[in-house]
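Heads up, the sequence shown is in the working numbering, so the first residue is 3 and it goes up one at a time.
Yeah, the Cβ is synthetic: ideal placement off N, Cα and C, and Gly gets one too.
Fair warning: this is a prediction, and the values are worked out from it, not measured in the lab.
Beneath this line is the structure, given in structure tokens, with notes to follow.
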Amino acid sequence: MKTNYEKYRDKMLENPEFRAKYILAKEKHRLELMVDSVKESIIQKKDEKIILRNLNKLSRHIGNIAL
Numbered sequence: 003m004k005t006n007y008e009k010y011r012d013k014m015l016e017n018p019e020f021r022a023k024y025i026l027a028k029e030k031h032r033l034e035l036m037v038d039s040v041k042e043s044i045i046q047k048k049d050e051k052i053i054l055r056n057l058n059k060l061s062r063h064i065g066n067i068a069l
């Protein structure tokens, strides 16, 4: 059973302009979380391998959305 929010969102997603903005906002949020993860790793002075792994994930994600 869908909540009122889910019903409203689904109805709004039928609008192509809203759908594009919604998708871009989700991707922006995901990228911000990934960048924050890299920053946090640097601040905590984690191992270089962990930082590189996070950077590689970020790089792959950017490559995927650029296609």
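The alpha helix (DSSP H) with residue i in it runs from where to where?
{"i": "MET36", "result": "18-45"}
{"i": "MET14", "result": "6-14"}
{"i": "LYS51", "result": "50-68"}
So, is residue i buried or exposed, given that buried needs 16 or more other C-beta atoms within 10 angstroms?
{"i": "ASN56", "result": "buried"}
Roughly how many angstroms lie between the CA atoms of residue i and residue j, to the nearest whole one?
{"i": "LYS4", "j": "GLU16", "result": "16 Å"}
{"i": "ILE64", "j": "LYS9", "result": "31 Å"}
{"i": "ALA27", "j": "ARG21", "result": "10 Å"}
{"i": "MET14", "j": "TYR24", "result": "10 Å"}
Using alpha carbons as the reference points, say which of the options lies closest to residue i.
{"i": "MET36", "options": "ASN6, LYS47, LEU60 and GLN46", "result": "LEU60"}
{"i": "ARG62", "options": "ARG32, LYS23 and ASP49", "result": "ARG32"}
{"i": "LEU54", "options": "ILE45, ILE67 and VAL40", "result": "VAL40"}
{"i": "ILE67", "options": "ARG11, LYS30 and GLU19", "result": "LYS30"}
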